[in-house]
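Asker: Please read through the structure below; I'll follow up with questions.
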DNA sequence: CAAATATATATAAGTTTTTTATATATTAAA
DNA sequence: TTTAATATATAAAAAACTTATATATATTTG
């Protein structure tokens, strides 16, 4: 059960992060990576080097707010969606679904045209 | 009917090209862009600046062979798959499908847990 | 007690990929 | 004759991602 080489993950990172936050309300970076790994049975793995820049970018763009909290002596940075972040989450998910539909048309096995 | 902002296209270009060639046998660059646009009703648009580098890369990697042909006074460069290109086409399509399944898990509306 | 593992965030360097702009050239239509 | 369609291609720049590294605490294992 190897993970896909993750080349398909390109361009979907923001969508994943926004959607998880829309669903969970409040998450910290490490939690996001663990949640993605568990829910996809290791199929999708977010690296920290990719995740943190995305989180910072989303924050800059006004989609996320942060609050730092000390838990068990370690610092955690919680992220929550702003209203425009919530709107963007919904939008990105539906854009991704549209994209997948288009991809299915391209990738479906070509029909033998013997029915009809 | 705007096209998706194509950020999701990142990482899927090779897969699209390989699959179309596996299906059609022989295509030239321009034809690939037109075919993708038509079949997806404009939802997915490949730009030349992205397509040609990918074609050249796939050729370098030994997945494609080229033959130039003059048609109506214009030069056309036809691409066909090598055996390893055919194998890669099948592999990439199934990897993409696996990826999409994993994404569906992440992006599906969270269940209300009221059934069961 | 030491070492390893898990938790937690972050940046920097380098590579790859993609976008945008540009160049070239022929044919057909307005 | 100018515009649009057909056809390939590269270069510069931007964006995204990978890989490596740094830091630090807590917990588990030996």
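Chains as they are written, first to last, in our numbering: chain A, 1 to 116; chain B, 1001 to 1116.
Glycine included, C-beta positions come from ideal geometry on N, C-alpha and C.
Taking the straight line between their C-alpha atoms, what separation do you get for residue 1036 of chain B and residue 96 of chain A?
Answerer: Residue numbering aside, residue 1036 of chain B sits at position 36 when the second chain is read from its first letter. Residue numbering aside, residue 96 of chain A sits at position 96 when the first chain is read from its first letter. Taking the straight line joining both Cα atoms gives about 17 Å.
Asker: Cα separation between residue 1049 of chain B and residue 109 of chain A?
Answerer: Mapped onto the second chain, residue 1049 of chain B falls at position 49. Mapped onto the first chain, residue 109 of chain A falls at position 109. Those two C-alpha atoms are separated by around 28 Å.
Asker: DSSP state of residue 101 of chain A, grouped into three classes?
Answerer: As a working mapping, residue 101 of chain A is identified with position 101 in the first chain. The answer is helix: DSSP assigns residue 101 of chain A an H, G or I state.
Asker: DSSP beta-bridge partners for residue 76 of chain A?
Answerer: Start at 1 with the first residue of the first chain, and residue 76 of chain A comes out as number 76. Answer is A:69.
Asker: Chain A beta carbons: is any one of them nearer than 9 Å to that of residue 1110 of chain B?
Answerer: As a first step, residue 1110 of chain B is located in the second chain; it is residue number 110 there, counting from the start. For residue 1110 of chain B, the answer is yes, since a Cβ of chain A falls inside 9 Å of its Cβ.
Asker: Look at the alpha carbon of residue 53 of chain A and the alpha carbon of residue 77 of chain A, and state the distance between them as a whole number of angstroms.
Answerer: One-based indexing of the first chain puts residue 53 of chain A at position 53. One-based indexing of the first chain puts residue 77 of chain A at position 77. Going by the C-alpha atoms only, they are around 14 Å apart.
Asker: Would you give the residue range spanned by the alpha helix (DSSP H) that residue 59 of chain A belongs to?
Answerer: Taking the first residue of the first chain as position 1, residue 59 of chain A is located at position 59. Its alpha helix (DSSP H) spans residues 48-60.
Asker: Could you name the residues of the segment 26-51 of chain A whose beta carbon sits closer than 7 Å to any beta carbon of chain B, in the order they occur along the chain?
Answerer: Within the segment 26-51 of chain A, the qualifying residues are 36, 39, 40, 43, 44.
Asker: Which residues of the segment 1086-1097 of chain B have a Cβ closer than 8 Å to any Cβ of chain A? Give them in chain order.
Answerer: Residues passing the 8 Å Cβ filter: 1093, 1095, 1096, 1097.
Asker: So, is residue 1009 of chain B buried or exposed, given that buried needs 16 or more other C-beta atoms within 10 angstroms?
Answerer: Position 9 of the second chain, counted from the start, is the residue given in the question as residue 1009 of chain B. Buried, since its Cβ has 16 or more Cβ neighbours within 10 Å.
Asker: Going by CA-CA distance only, name the one from B:1101, B:1085, B:1104 that's closest to residue 1023 of chain B.
Answerer: Counting from one through the second chain, the residue named residue 1023 of chain B turns up at place 23. The shortest Cα separation from residue 1023 of chain B among B:1101, B:1085, B:1104 belongs to B:1085.
Asker: Can you grab the Cα-Cα spacing for the pair residue 17 of chain A / residue 60 of chain A, in whole Å?
Answerer: Working through the first chain from its first residue, we reach residue 17 of chain A at position 17. Working through the first chain from its first residue, we reach residue 60 of chain A at position 60. Going from the Cα of residue 17 of chain A to the Cα of residue 60 of chain A covers about 15 Å.
Asker: Can you tell me the Cα-Cα spacing of residue 1094 of chain B and residue 1100 of chain B, whole angstroms?
Answerer: Reading the second chain from its first residue, position 94 is the one you call residue 1094 of chain B. Reading the second chain from its first residue, position 100 is the one you call residue 1100 of chain B. Rounded to the nearest angstrom, the two C-alpha atoms are 10 Å apart.
Asker: If you measure from the beta carbon of residue 1062 of chain B to each beta carbon in chain A, is any gap under 9 Å?
Answerer: Here the question's residue 1062 of chain B lines up with position 62 in the second chain. No, because no Cβ of chain A sits closer than 9 Å to the Cβ of residue 1062 of chain B.
Asker: Residue 100 of chain A versus chain B: which residues are under 9 Å apart at the beta carbon?
Answerer: To locate residue 100 of chain A, count along the first chain from 1; it is residue 100. Here the neighbours are 1008, 1100, 1103, 1104.
Asker: If you draw a straight line from the alpha carbon of residue 1103 of chain B to that of residue 1079 of chain B, how long is it in whole angstroms?
Answerer: Locating residue 1103 of chain B in the second chain gives position 103, counting from the first residue. Locating residue 1079 of chain B in the second chain gives position 79, counting from the first residue. Between residue 1103 of chain B and residue 1079 of chain B, the C-alpha separation is close to 32 Å.
Asker: Does any C-beta atom of chain B lie closer than 9 Å to the C-beta of residue 77 of chain A?
Answerer: As a position in the first chain, residue 77 of chain A is number 77, starting the count at 1. No, residue 77 of chain A does not count as interfacial toward chain B.
Asker: Given residue 1028 of chain B, which residues of its chain have a CB within under 8 Å of its CB, disregarding the five upstream and five downstream residues?
Answerer: Position 28 of the second chain, counting from 1, holds the residue named residue 1028 of chain B. Around residue 1028 of chain B: 1076, 1077, 1078, 1079.
Asker: Step through the CB atoms of chain B and report whether any lies within less than 9 Å of the CB of residue 23 of chain A.
Answerer: Here residue 23 of chain A is taken as the residue at index 23 of the first chain, counted from 1. With 9 Å as the cut-off, residue 23 of chain A counts as an interface residue toward chain B.
Asker: List, in chain order, every chain B residue whose beta-carbon is nearer than 8 Å to that of residue 19 of chain A.
Answerer: Locating residue 19 of chain A in the first chain gives position 19, where the first residue counts as 1. 1106, 1107, listed in chain order.
Asker: Quick one: what does DSSP say residue 3 of chain A is sitting in, helix, strand or coil?
Answerer: Position 3 of the first chain, counted from the first residue, corresponds to residue 3 of chain A. Confidence at residue 3 of chain A is low in this model, with a pLDDT of 46, below 50, so its placement is unreliable and the value that follows should be read with caution. Residue 3 of chain A falls in the coil class under three-state DSSP.
Asker: Measuring CB to CB, does residue 1081 of chain B end up less than 9 Å from residue 1055 of chain B?
Answerer: Taking the second chain and counting its residues from 1, the one referred to as residue 1081 of chain B is at position 81. Taking the second chain and counting its residues from 1, the one referred to as residue 1055 of chain B is at position 55. Not a contact, by the Cβ cut-off of 9 Å.
Asker: Could you please give the first and the last residue of the uninterrupted alpha helix (DSSP H) stretch that includes residue 1032 of chain B?
Answerer: On the second chain, position 32 is the one that residue 1032 of chain B refers to. Where residue 1032 of chain B is concerned, the enclosing alpha helix (DSSP H) stretches over 1029-1039.
Asker: Using the beta-carbon of each residue, which ones in chain B are nearer than 9 Å to residue 80 of chain A?
Answerer: Here residue 80 of chain A is taken as the residue at index 80 of the first chain, counted from 1. Ordered by position in chain B, no residue passes the 9 Å Cβ test against residue 80 of chain A, which lies about 17 Å from the chain.
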